[in-house]
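With mature numbering (1 follows the signal peptide of the UniProt record, and there is no 0) applied, the sequence shown corresponds to residues -20 to -1, 1 to 344, in that order.
For glycine and all other residues, C-beta sits at the position ideal for the given N, C-alpha and C.
Comments concern the structure below.
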Amino acid sequence: MACVSHIVGGLLFLALSVNAATPTDKCMSMHLFQATYDTMREKAEEMNNLVKQMKSNLDQSLEQECGHLGNQAISYPFGLKYCDFETGMCGYTQSSQDRGDWVRQNSYPDHTTGTTLGYSMRSYRSSASYYSRLVSPEFQPASAYCVRFFYRNPSTSNYTGNFSVYIEIVFEDRIGYYVLIDDIMVYNAPCNTVGIKAPLCPSNSFKRTDGNTTKCYTLHPEKLTWKDAIKRCKKSWPLASLVSITSAAESMFLTSLIVKNTEMRQAAALGIWTSGNDIMKEGSYTWAGTNGDPTPFTYSNWHPGQPNNIGGVQDCVAIQYPTQDFQWGDENCGDAHAFICEAEYMSSPTLSGHTPNIGVSAIG
Ligand SMILES: [Ca+2]
Ligand SMILES: [Ca+2]
Ligand SMILES: [Ca+2]
């Protein structure tokens, strides 16, 4: 009670003193309060940056001493350094001179999984007056580099400004809204190198051409969770993903592959992961897709009664029911199943937005 009286008294005193003060006194105290507020805010920001810097240093030492955080030291061709930001920052850091900060987040869908199961880097909401920069680690010296990454500005309003990328490599947001960065690929070779511009399908893959599009598929009887299966697909080619089945013809092609493979045929009784999911919105199914842009279903082959979202936790689509045309069911994304990966050849020899050594592909 004494405390409440004190607060009430304090408030009364404040009100009285403001009423009684001359305009000059009033302005002095308001300036004083403004200065205190600014100092405290600055301290809070400094503290926040310090904690993030410490976390980033920890990530870096972990990476140097315990291997690549994102992909457990996978060796890619062409000296590719790939970061999917799933388990760390792979040595990317926030510039200490900047006011705005980048954070590893999953409140917006990422590019790796096309869902909020995956992580991407989100810039601070910076403006033309200050920077928000994400800086790469040093790369091996090379005569040419190819840099490929995905970015999206999730704002629905019409913000203006610049989003610049320098060869050092610095991601600098001055748009006035968040920018998400994900799946950064830096190759020690020009972007038009065969195998960088488009995937070299693994020797054990199966090719299918439909119009201008050629895809290659690989069969994986080993059982992984849905997200780990996507990450496994990306080991062969960062733009590969779990299979998206967009037509009856593609479904039949996959069925023909499964029935010829004993392990896959047996795995189908429990389920074979596709990229289909309703993680973002219950009952609204999309393919994660090889371009990371979720695509709504235009074709489906559900088993009668499926999807039934049993227990409220079935958000990922599996090929099941081998005796009934390999119809689909929804399963718990955390369960481990066999899976099929897919990679798409680029149909056009020139990628839009590409200059010889810097490749930029946009999502969103
Ligand atoms: Ca990611
Ligand atoms: Ca569901
Ligand atoms: Ca189900």
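Contact set for residue i: own chain, Cβ-Cβ below 7 Å, skip 5 residues either direction
i              : result
lysine 203     : Ala316, His317, Ala318
valine 239     : Arg245
serine 75      : Arg113, Val115
threonine 235  : Phe306
asparagine 184 : Thr198
Buried versus exposed, by CB contacts within 10 Å (16 or more), residue i
i              : result
alanine 249    : exposed
residue 365    : The displayed coordinates of the chain run from -20 to 344. Any statement about residue 365 would go beyond what the structure contains.
valine 166     : buried
glutamine 120  : exposed
leucine -9     : Residue placement at leucine -9 is poorly supported in this model, since its pLDDT is 29, which falls under 50; the coordinates are not used for a value here.
cysteine 171   : buried
threonine 136  : exposed
histidine 200  : buried
glutamine 300  : buried
valine 31      : exposed
glutamate 324  : buried
alanine 159    : A small fix is needed here, since residue 159 is valine in this sequence, not alanine. Valine 159 is buried by the Cβ-count criterion.
asparagine 192 : exposed
alanine 24     : exposed
residue 353    : Lying outside -20 to 344, the shown extent of the chain, residue 353 is not represented and no answer is given.
alanine 298    : buried
asparagine 51  : Note on asparagine 51: pLDDT 39, under 50, position unreliable in the model; no value is reported.
cysteine 181   : buried
glutamate 152  : buried
glycine 71     : buried
arginine 21    : exposed
proline 284    : exposed
isoleucine 93  : Sequence check: residue 93 is threonine here, not isoleucine. Threonine 93 is buried by the Cβ-count criterion.
Nearest-angstrom beta carbon gap, residue j and residue i [assumed within contact, 8 Å]
i              : j                : result
glycine 292    : glycine 251      : Contact flag wrong, Cβ pair sits at about 18 Å.
alanine 169    : phenylalanine 58 : 5 Å
threonine 96   : serine 87        : 7 Å
serine 112     : aspartate 78     : 6 Å
residue 348    : lysine 207       : Outside the displayed span of the chain (-20 to 344) sits residue 348, for which this structure offers no information.
cysteine 213   : isoleucine 176   : The pair is not a contact, with the Cβ atoms about 18 Å apart (cut-off 8 Å).
isoleucine 161 : leucine 114      : 6 Å
glutamate 66   : glycine 98       : 6 Å
serine 264     : aspartate 273    : Not a contact, Cβ separation roughly 15 Å.
tyrosine 157   : asparagine 142   : The Cβ separation is near 12 Å, so there is no contact.
Inter-residue Cα distance where the pair is residue i and residue j
i                 : j                 : result
aspartate 163     : threonine 73      : 15 Å
histidine 91      : serine 100        : 7 Å
aspartate 305     : threonine 254     : 16 Å
lysine 195        : glycine 269       : 12 Å
glutamate 45      : methionine 69     : For glutamate 45, the predicted model reports a pLDDT of 45, less than 50, meaning its position is unreliable and no value from the coordinates is stated.
proline 329       : threonine 303     : The predicted model places proline 329 with a pLDDT of 42, which falls under 50 and marks its position as unreliable; any figure quoted below should be read in that light. Computed Cα separation, rounded: 42 Å.
asparagine 281    : aspartate 295     : 16 Å
aspartate 64      : tyrosine 17       : 39 Å
alanine 247       : alanine 229       : 22 Å
phenylalanine 186 : glutamate 322     : 9 Å
threonine 198     : alanine 209       : 12 Å
threonine 4       : methionine 10     : 10 Å
serine 123        : tyrosine 62       : 19 Å
residue 389       : tryptophan 82     : Shown here, the chain extends from -20 to 344; a query on residue 389 therefore has no answer.
serine 231        : isoleucine 320    : 12 Å
threonine 226     : glutamate 311     : 19 Å
methionine 8      : asparagine 29     : 31 Å
threonine 278     : phenylalanine 130 : 25 Å
threonine 242     : lysine 211        : 24 Å
proline 287       : tyrosine 110      : 48 Å
valine 174        : aspartate 190     : 22 Å
threonine 140     : leucine 237       : 49 Å
glutamate 26      : asparagine 138    : 31 Å
valine 150        : arginine 128      : 13 Å
leucine 60        : glutamate 262     : 37 Å
Other residues of its chain near residue i: CB distance less than 6 Å, five sequence neighbours each side excluded
i                 : result
phenylalanine 233 : Arg188
tryptophan 267    : Ser224, Ser255, Gly256, Thr275
leucine 219       : Thr270
tryptophan 217    : Pro179, Ala323
threonine 205     : Gly314, Ala316
serine 144        : Glu152
glutamine 85      : Arg102
glutamine 33      : none
Close beta carbons around residue i, own chain, < 8 Å, minus the five adjacent residues each side
i              : result
methionine 260 : Pro89, Thr95, Thr96, Thr266, Pro274
alanine 1      : In this prediction, alanine 1 has a pLDDT of 46, which is less than 50 and means its spatial position is unreliable; what the coordinates show is noted afterwards. Only Ser9 meet the Cβ criterion.
Worksheet item: Listed in chain order, which residues are found with a beta carbon closer than 7 Å to a heavy atom of ligand 4?
Response: In the structure shown, ligand 4 is absent; the only ligands present are ligand 1, ligand 2 and ligand 3.
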